[in-house]
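Under mature numbering (1 follows the signal peptide of the UniProt record, and there is no 0), residues -31 to -1, 1 to 593 are what the sequence shown spells out, in order.
Note that CB positions come from ideal geometry on N, CA and C, so glycine has one too.
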Amino acid sequence: MNVRTQLWKLSIFASILALLLTGTLRAPAQAAPLAAPGVTLAVDKTARTNLPGSLLTYTLTLTNTGDAADTFSLTLSSTEWGAGLSQSSLSLEAGAAGNATASVTIPENAVDGASQSFKVTAVSGLDGSVSASVTFSASARIPTPTPPAAVSRPLLVITGYGSSVNPIPAGKDFDLEVTLKNKGQAQASNIVVAFESPDFLPRDTGGVRTLNKLNAGNSADLSQPFLANAELAGKTVSTLTVKITYSDASGATYTETFTLTLDLKNPVSSGSGAAQPTATPTGVARAQIVVSSYASDVDPLQPGTVFNLNLEIHNLGNADARAVTLVLGGSSVPNPGDGSGTPQPGGVSGGGSDLTNFAPLGSSNLFYVGDIAAGQVVKGSQQLIVNVSTQPGAYPLKLSFVYTDSKNNQIVDDQVVTLLVYSLPQVEVNFYRDPGVFFTNQPNMLPLQITNLGKKTTVLGNMRISAEGAEVTNNVSLVGALDPGGYFTLDSMVIPSQAGPLDLSVTINYTDDFNQPRVITQTVQVAVEEAPVMEPMPGEGGMLGPDGLPISPEGFPASEETFWQKVLRFFKGLLGLGSDPAQPDMNVPMEGPMEGPMEENFDKQQPARPSKGGFTPSLNGWVG
């Protein structure tokens, strides 16, 4: 660079400096435009309906339509029905959208059709006059129960009967004509009609007639020949029992019992030809033990269940029953039917009882009831267990009441009660890993798993997860068939609205062994904590250094360059003196002299001190 060039640069520098001193060159100033706030608010559903006690959730979408970041406050018009918001404010950048949740719990005592309206308002934090609102409602609905569907089954009844000889003379033959009719809604098959009476002795068929089938609404006539007992002489009427057994298309068996009354002819004296006086029949005094009602204290019964069978025993006869003994599974004592039996040696026998599916516990199958007076009702209870090998179904349990009458005759009254055995699924709902701690107003994953703990495959329906005070998404899934020990997982997302323990209700639908809908309900719990608040770093430049000044992102103390410093760097560049920004001095000042080995090593390594006007050594190198 020659002298002329240097003089030319100095002249330009002097000219620009003069302009700056006279004020003709000024730094431009710009005025910041005023922010214009704006907001819109929408709800996913303006009206929801559910059962009393249900939790309804509404998703609110808030959009910042202004040109600057803003914080909007959210308010709810009413807190009736337990209404609330998941948050009271929402901060959004310009043009951004965010969500909040409103929840409403319908009261348990709400009547059908009860409704409540709510209004949510969002107000701008920059300008309180800028706001948006949305209205939604909640209603209670109580569904009308659907009456059970009518069961289609056959039903056989006797619509008429008569004898070929009327009245019937003692010791003579006659034919009994019976008309059957199917008053059910299905066809009856394998029909067996049995005639039983000590006064009328069956001929030819042994007292049993059969029919292949009888369609619904049709009738059929049967004829059975009898011989009237000679001991009926002097009596005016006698009864005959007709027992009808039949089945439907599915193989289910039904039994109907009817009692027929037949007129008898009084004999005429052969000596004088005059009519003999009619013998006055004497009423038979006897007890009649029946089970008027029964129930188990465990519902439903399953294989391996221990339960108490509660019975109400009623004496419907006109005589007292003495020393009544209940035989579970039926007694092997013969029943004379007419009360003419006599006590057998050895007491009551219960060894031949059928206890395949239900066996007694704590005592034998003989249960002593005691004396039951005519018209009296007594209650009894017996502990039983369902055999673990019993398959689901309806099982009859025979009950025999063995007692004596006033003449010391032994009588047996047999009855049957029906018990239903179910095989319900045995499942457990839990987490397949530790879910950890959840935070409020933040999405958290629920690692849920349902496991089949039973010994057979079970088929389950929909699995649903719900929680009060939280929004749960991806919360419904079909489970299907689960093998023994098999499992099914569902990863739902939950957004809690408050801290503390959160109960998650898991419901699973399925159909039981009698094709009735059932629901499994289990509860799991997670811990929820308040979300941590992220505070900004101190100072505008981020972290502070050891001297208390903010540190720039490059790691050096931040300092703002003035306008004159920029001008000076410009002219230095024109003159070739360097225009880079000034770098901070990274020399670390040493407090006090160095001691120890470091000082000795430093003295050994430093060269001989130069003469005056040279350089002196320092820790950072040689400086002038």
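C-alpha gap between residue i and residue j, whole angstroms
{"i": "Thr18", "j": "Arg110", "result": "6 Å"}
{"i": "Phe483", "j": "Ile341", "result": "38 Å"}
{"i": "Asn378", "j": "Leu368", "result": "20 Å"}
{"i": "Gly306", "j": "Ser265", "result": "Note on Gly306: pLDDT 44, under 50, position unreliable in the model; the coordinate value appears next. C-alpha separation (whole angstroms): 30 Å."}
{"i": "Ala290", "j": "Asn284", "result": "8 Å"}
{"i": "Ala139", "j": "Gln154", "result": "42 Å"}
{"i": "Asp374", "j": "Ala343", "result": "11 Å"}
{"i": "Leu388", "j": "Ser350", "result": "15 Å"}
{"i": "Phe336", "j": "Gly298", "result": "11 Å"}
{"i": "Val126", "j": "Ala189", "result": "11 Å"}
{"i": "Leu52", "j": "Thr15", "result": "In the sequence as presented, Leu is not what sits at residue 52; that position holds Ala. In a straight line, the C-alpha of Ala52 is about 15 Å away from that of Thr15."}
{"i": "Gln(-26)", "j": "Leu544", "result": "8 Å"}
{"i": "Thr90", "j": "Phe41", "result": "9 Å"}
{"i": "Thr9", "j": "Tyr27", "result": "16 Å"}
{"i": "Val346", "j": "Ile282", "result": "6 Å"}
{"i": "Asn181", "j": "Ile213", "result": "13 Å"}
{"i": "Val488", "j": "Leu393", "result": "11 Å"}
{"i": "Leu29", "j": "Ala107", "result": "15 Å"}
{"i": "Asp173", "j": "Gln193", "result": "8 Å"}
{"i": "Asn159", "j": "Thr179", "result": "7 Å"}
{"i": "Ser219", "j": "Ser121", "result": "11 Å"}
{"i": "Gln272", "j": "Gly362", "result": "In the sequence as presented, Gln is not what sits at residue 272; that position holds Pro. Computed Cα separation, rounded: 11 Å."}
{"i": "Phe(-19)", "j": "Phe532", "result": "16 Å"}
{"i": "Ala468", "j": "Phe408", "result": "7 Å"}
Coil, strand or helix - residue i by DSSP
{"i": "Lys141", "result": "coil"}
{"i": "Ser192", "result": "strand"}
{"i": "Thr25", "result": "Correcting the residue identity first, residue 25 is Leu in this sequence and not Thr. Strand, per DSSP."}
{"i": "Lys535", "result": "helix"}
{"i": "Ile483", "result": "It should be pointed out that residue 483 corresponds to Phe in this sequence rather than to Ile. Here Phe483 sits in coil by DSSP."}
{"i": "Gln(-26)", "result": "helix"}
{"i": "Ser(-21)", "result": "helix"}
{"i": "Glu498", "result": "strand"}
{"i": "Ile127", "result": "strand"}
{"i": "Lys88", "result": "strand"}
{"i": "Ile(-16)", "result": "helix"}
{"i": "Ala199", "result": "helix"}
{"i": "Lys424", "result": "coil"}
{"i": "Leu149", "result": "strand"}
{"i": "Leu543", "result": "helix"}
{"i": "Gly51", "result": "helix"}
{"i": "Leu324", "result": "coil"}
{"i": "Arg291", "result": "strand"}
{"i": "Ala163", "result": "strand"}
{"i": "Val134", "result": "coil"}
{"i": "Gly77", "result": "As written in the sequence, residue 77 is Glu, which differs from the Gly given in the question. Three-state DSSP puts Glu77 in coil, outside helix and strand."}
Beta bridge counterpart(s) of residue i as assigned by DSSP
{"i": "residue 600", "result": "Nothing about residue 600 can be read from this structure; the chain reaches only from -31 to 593."}
{"i": "Pro465", "result": "Ala439"}
{"i": "Glu281", "result": "Ser262 and Lys348"}
{"i": "Lys182", "result": "Ser158"}
{"i": "Lys367", "result": "Val385"}
{"i": "Gly217", "result": "The question names Gly, but residue 217 in the sequence shown is Asp. Looking at the DSSP assignment, Asp217 forms no beta bridge with any residue, so it has no partner."}
{"i": "Tyr337", "result": "Thr294"}
{"i": "Asn478", "result": "Val488"}
Selected residue, minimal CA-CA separation from residue i, among the options
{"i": "Ser133", "options": "Glu200, Val126, Leu125 and Asp142", "result": "Asp142"}
{"i": "Gly7", "options": "Val396, Pro465 and Gly97", "result": "Gly97"}
{"i": "Tyr372", "options": "Phe276, Leu270 and Val381", "result": "Val381"}
{"i": "residue 598", "options": "Gly438, Arg487 and Ala16", "result": "Residue 598 falls outside the range modelled here, since the chain spans only -31 to 593, and no answer is possible."}
{"i": "Tyr11", "options": "Asn33, Gly22, Ala4 and Leu20", "result": "Per the sequence shown, residue 11 should be read as Ala rather than Tyr. The candidate whose alpha carbon is nearest that of Ala11 is Asn33."}
{"i": "Thr48", "options": "Thr70, Ser60, Thr74 and Gly35", "result": "Thr74"}
{"i": "Phe327", "options": "Gln352, Ala218 and Gly339", "result": "Gln352"}
{"i": "Ile258", "options": "Leu191, Gly339, Pro394 and Thr230", "result": "Gly339"}
{"i": "Tyr263", "options": "Ser192, Ser300, Thr294 and Asn277", "result": "Asn277"}
{"i": "Gln395", "options": "Thr409, Phe408 and Lys424", "result": "Lys424"}
{"i": "Val296", "options": "Ser358, Gln384, Val357 and Thr104", "result": "Gln384"}
{"i": "Tyr391", "options": "Thr274, Leu43, Asp144 and Ser46", "result": "Thr274"}
{"i": "Gly449", "options": "Asn421, Asp13, Gln467 and Ala363", "result": "Asn421"}
{"i": "Leu149", "options": "Ile137, Val211, Arg172 and Pro112", "result": "Val211"}
{"i": "Lys348", "options": "Ser261, Asn68, Val80 and Leu54", "result": "Ser261"}
{"i": "Glu77", "options": "Ser46, Leu25, Pro21 and Ser358", "result": "Pro21"}
{"i": "Leu209", "options": "Thr179, Gln494 and Leu145", "result": "Leu145"}
{"i": "Ala4", "options": "Asn399, Tyr364, Thr44 and Ser93", "result": "Ser93"}
{"i": "Ala163", "options": "Val177, Leu537, Ser322 and Asn151", "result": "Val177"}
CB contact check: residue i to chain D, cutoff 7 Å
{"i": "Gly542", "result": "The structure shown contains no chain D, having only a single protein chain."}
Residue i beta carbon near the ligand FAD (any heavy atom closer than 6 Å)
{"i": "Val134", "result": "With respect to small molecules bound, the structure shown includes none, and the ligand FAD cannot be examined in it."}
| message | Three Cβ pairs or more, each shorter than 8 Å: is that satisfied between the stretch 402 to 416 and the stretch 325 to 341? | response | Cβ pair count under 8 Å is below three, so no.
Specify whether the stretch 196 to 211 and the stretch 156 to 168 touch according to this definition: at least 3 beta carbon pairs, one from each stretch, less than 8 Å apart. The stretch 196 to 211 vs the stretch 156 to 168: in contact.
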